[in-house]
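>
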Amino acid sequence: MIALTRRAALALATLPFPALATTPRNSGARPGPFLIGADISWVPEDEAAGARYFVDGVQKDPVLLMRDAGFNAIRLRIFVDPSKGYSRREPDKAWAGLDQTIKLGRRIRQAGMGLVLSFHYSDTWADPEHQAVPAAWTGYDLPRLAKAVEAHTHDTLVAMRAGGAPVDMAVIGNETTFGMLWPHARVKLSTPTGNPVTDANHAQVDDQTIGGFDGFAALLRAGIAGARRAEPDIAIQLHNHLGRHWPILREWTDALIARNVDFDVIGLSCYQQQKQGDWAGSFTRFVQRYPDKGLLVAEYSSRKRYLNDLVYALPGKHGWGTFIWEPLRHQEAIFDLDGRNAGGGPKPDLLSQGINSAEAPGGLVNQPPAPKPVLSGPIGKGGDYIANDLLDLYRQMAREYP
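So the sequence shown is residues 9 to 410, counted in the working numbering.
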């Protein structure tokens, strides 16, 4: 009998992923059906602000609406203490904190969907331009940070299971292309990204003041150890935001594997390319170079059918699936609000056509400045969200991707 891999054992915990006892160890193949996923972490705060969701004229729980449209897995993000950061304006709500994530996670599991948890090891957004140390860990050195990362990851996953929301896949850090918990585990890559905002910001980093790949790998290993101690059969994802950039993806992955970072699947953000074909080239080269790893698109918005087809067609079922980011009200949303696309509509997929905030958070090129943030009232965005024709695209893909 062939032993179950962690990816195959994942099937024992959740409905969407049937057990695949015949999957060879370290095959890189997806453990079950193609994942048609989404990150819908904004739902609780939007519902608190009065959001309602409609499909075919009928109001419906958004989690059930997504499930019935063919989505079979949901990714949620979690902050360390959002009352000190992201949810400072509503500290009593602590949006995307542990209690709120358990509540939404329970709804997802009760709907029969898989659950992926993305750890932002910060009190607010962690992304390619920001990886701030949480307030509770201020002043920690690298060894102490590693212990904190392991404990936080372990304790969160234990609490999720105890609360009725066991997690199938843990993402150890969000968009950690340049490392995490800066400066202790910050990485300065040798290759430019091609994004002028990002490259200008990271060009100022002094190699002598950051932890580099050694520090980064130490924290990743700690997070992975905490996840597997809590959930021995959990799948481990690492997240790089440059799905378009094969040289950087190769440099980054090689460095982590050389430092004994043991993961199951790479998650890539795919919002923009430098030229057409960048995503396809990265995906193909990744599965060729790392045959024992899977690949999924962790975040995207536009080019929905194109990206899903690319991942699904990867040889050896190495493409695990995709997770559209906040499709209820971000970029090319699958809902309309006040008679218009709730996210403003599709964005260009080429950097030369304008860099949006998903590619370079905090900096826009050739675009008008972002509106000033609202400093009062609820964080969420209320209103009546009406499913548009893009939801039918997901129904179609769910039928076509076994």
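The beta-carbon is built from N, C-alpha and C at its ideal position, and this holds for glycine as well.
(1) I need the straight-line Cα distance from GLY45 to PRO323, nearest angstrom please.
(2) Whose C-beta lies closer than 7 Å to the C-beta of HIS411 among residues of the same chain, with five residues either side of it excluded?
(3) May I have the straight-line CA-CA distance separating MET4 from GLY78, to the nearest angstrom?
(4) Taking the CB atoms as reference points, tell me whether PHE331 and ASP47 lie closer together than 8 Å.
(5) Can you tell me where the beta strand (DSSP E) with ARG337 in it begins and where it stops?
(6) Measure the C-alpha to C-alpha separation of GLY390 and GLU55 and round it to an integer number of angstroms.
(7) Is THR30 helix, strand or coil when you go by DSSP?
(8) Report yes or no: do the region 274 to 290 and the region 354 to 361 share at least 3 C-beta pairs separated by less than 8 Å?
(9) Excluding sequence positions up to five away, which residues of its chain have a Cβ less than 6 Å from the Cβ of TYR402?
(10) In this structure, does DSSP put TYR94 in helix, strand or coil?
(11) Pick helix, strand or coil for GLY251, following the three-state DSSP scheme.
(12) Alpha carbon to alpha carbon, how far is GLY58 from GLY388?
(13) Determine the burial state of ASP397: buried for a count of at least 16 other Cβ atoms within 10 Å of its Cβ, exposed for fewer.
(14) Spatial neighbours of ASN316 within its chain, please: C-beta separation below 7 Å, excluding the five flanking residues on both sides.
(15) Jot down the residue ranges of each uninterrupted alpha helix (DSSP H) in the region 135 to 163, minimum 4 residues, whole runs only, in chain order.
(16) Between PRO410 and the rest of its own chain, which residues show a CB-CB distance below 6 Å, the 5 nearest in sequence each way excluded?
(17) Would you kindly work out how many angstroms separate the C-alpha atoms of GLU367 and ARG60, rounded to a whole number?
(18) Cβ atoms of LEU165 and VAL175: under 8 Å apart, would you say?
(19) Measure the alpha-carbon distance for SER130 versus ILE265 and round it to whole angstroms.
(20) Taking the straight line between their C-alpha atoms, what separation do you get for ASP392 and VAL295?
(21) Tell whether a beta-carbon distance below 8 Å holds between HIS249 and THR185.
(22) Determine the closest residue to GLY289 out of ALA306, ALA321, LEU227, ARG313, with distance taken between C-alpha atoms.
(23) Assuming ALA170 and LYS92 form a contact by the criterion Cβ under 8 Å, report the distance between their Cβ atoms to the nearest whole angstrom.
(24) In chain order, which beta strand (DSSP E) runs of at least 3 residues are fully inside the region 162 to 236?
(25) Identify, in the order they occur along the chain, each residue of the same chain with its Cβ nearer than 8 Å to the Cβ of GLN346, setting aside the five sequence neighbours on each side.
(26) How would you label PRO70, buried or exposed, when you count the other beta carbons within 10 angstroms and need 16 or more for buried?
(27) Report yes if the CB atom of LEU123 is closer than 8 Å to the CB atom of ILE82, and no otherwise.
(28) Please list, in chain order, all residues of the same chain as LYS155 whose beta carbon is under 6 Å from its beta carbon, the five residues on each side excluded.
(29) For GLY302 versus VAL273, is the C-beta distance shorter than 8 Å?
(30) Identify whether VAL63 lies in helix, strand or coil by the three-state DSSP scheme.
(31) Quick check on the burial criterion: 16 or more other C-beta atoms within 10 angstroms. Buried or exposed for GLY36?
(32) Would you check if the distance between the CB atom of VAL157 and the CB atom of ALA225 is smaller than 8 Å?
(33) Any C-beta of chain C sitting closer than 8 Å to the C-beta of LEU125?
(34) What does the alpha-carbon distance come out to for the pair PRO429 and HIS247?
(35) Looking only at C-alpha atoms, which of PHE42, PRO52, TRP50, ARG75 sits nearest to LEU399?
According to the structure shown:
(1) By 1-based counting over the sequence shown, the position of residue 45 is 37. By 1-based counting over the sequence shown, the position of residue 323 is 315. Going from the Cα of GLY45 to the Cα of PRO323 covers about 20 Å.
(2) A query on residue 411 cannot be resolved here, the shown segment of the chain reaching from 9 to 410 and no further.
(3) This structure gives no information on residue 4, because the portion of the chain shown stretches from 9 to 410.
(4) Here residue 331 corresponds to residue number 323 of the sequence shown, with the count starting at 1. Here residue 47 corresponds to residue number 39 of the sequence shown, with the count starting at 1. Yes. Within cutoff.
(5) Here residue 337 refers to the residue found at position 329 when the sequence shown is read from its first residue. Run containing ARG337: none; DSSP gives neither H nor E here.
(6) Your numbering for residue 390 matches position 382 in the sequence shown. Your numbering for residue 55 matches position 47 in the sequence shown. If I take the Cα positions, the gap works out to 7 Å.
(7) Taking the sequence shown and counting its residues from 1, the one referred to as residue 30 is at position 22. With a pLDDT of 33 at THR30, under the threshold of 50, the modelled position of this residue cannot be trusted; read the value that follows with caution. Three-state result, THR30: coil.
(8) yes
(9) Looking up residue 402 in the sequence shown gives position 394. Closer than 6 Å at the Cβ level, and outside the excluded window around TYR402, lie ALA77, GLY78.
(10) The sequence position of residue 94 within the sequence shown is 86, counting from 1. DSSP places TYR94 in coil when its eight states are reduced to three.
(11) Looking up residue 251 in the sequence shown gives position 243. Three-state result, GLY251: coil.
(12) Translated into the one-based positions of the sequence shown, residue 58 becomes position 50. Translated into the one-based positions of the sequence shown, residue 388 becomes position 380. Computed Cα separation, rounded: 8 Å.
(13) Mapped onto the sequence shown, residue 397 falls at position 389. Of the residues assessed, ASP397 falls on the exposed side of the cut-off, its CB having fewer than 16 other CB atoms within 10 angstroms.
(14) By one-based count along the sequence shown, residue 316 stands at place 308. Once the five neighbours on either side are set aside, the close Cβ partners of ASN316 are THR330, MET405.
(15) none
(16) Along the sequence shown, one-based indexing puts residue 410 at 402. Answer for PRO410: no residue qualifies.
(17) Mapped onto the sequence shown, residue 367 falls at position 359. Mapped onto the sequence shown, residue 60 falls at position 52. In a straight line, the C-alpha of GLU367 is about 29 Å away from that of ARG60.
(18) Position 167 of the sequence shown, counted from the start, is the residue given in the question as residue 175. Position 157 of the sequence shown, counted from the start, is the residue given in the question as residue 165. For VAL175 and LEU165, yes; Cβs fall inside 8 Å.
(19) The sequence position of residue 130 within the sequence shown is 122, counting from 1. The sequence position of residue 265 within the sequence shown is 257, counting from 1. When rounded, the distance between both Cα atoms is 24 Å.
(20) The residue given as residue 392 occupies position 384 in the sequence shown. The residue given as residue 295 occupies position 287 in the sequence shown. The alpha-carbon atoms of ASP392 and VAL295 are separated by roughly 42 Å.
(21) Residue mapping note: residue 249 aligns to position 241 of the sequence shown, counting from 1. Residue mapping note: residue 185 aligns to position 177 of the sequence shown, counting from 1. Result yes, Cβ atoms of HIS249 and THR185 sit closer than 8 Å.
(22) Against the sequence shown, residue 289 aligns to sequence position 281. Nearest C-alpha to GLY289: ALA321.
(23) Against the sequence shown, residue 170 aligns to sequence position 162. Against the sequence shown, residue 92 aligns to sequence position 84. Actually they do not touch by this definition, with Cβ atoms about 24 Å apart.
(24) Fully enclosed beta strand (DSSP E) runs of 3 or longer: 177 to 180.
(25) Walking along the sequence shown from the start, residue 346 turns up at place 338. Per the sequence presented here, residue 346 reads as Asp, with Gln not at that position. So the list reads GLY391, once near-sequence residues are dropped.
(26) The residue given as residue 70 occupies position 62 in the sequence shown. Result: buried.
(27) Within the sequence shown, numbered from 1, the residue matching residue 123 stands at position 115. Within the sequence shown, numbered from 1, the residue matching residue 82 stands at position 74. For LEU123 and ILE82, yes; Cβs fall inside 8 Å.
(28) In the sequence shown, the residue the question calls residue 155 occupies position 147. Correct list: empty, nothing qualifies.
(29) The residue labelled residue 302 in the question sits at position 294 within the sequence shown. The residue labelled residue 273 in the question sits at position 265 within the sequence shown. Against a cut-off of 8 Å, the Cβ pair of VAL273 and GLY302 comes out as a contact.
(30) Residue mapping note: residue 63 aligns to position 55 of the sequence shown, counting from 1. Here VAL63 sits in strand by DSSP.
(31) Here residue 36 refers to the residue found at position 28 when the sequence shown is read from its first residue. Classification of GLY36: buried, given that the 10 Å Cβ count is 16 or more.
(32) Here the question's residue 157 lines up with position 149 in the sequence shown. Here the question's residue 225 lines up with position 217 in the sequence shown. The beta carbons of VAL157 and ALA225 sit no closer together than 8 Å.
(33) Among the protein chains of the structure shown there is no chain C, as only one such chain exists.
(34) For the chain, the structure presents residues 9 to 410; residue 429 sits outside this window and is missing.
(35) Here residue 399 corresponds to residue number 391 of the sequence shown, with the count starting at 1. That would be ARG75, whose Cα lies nearest to the Cα of LEU399.
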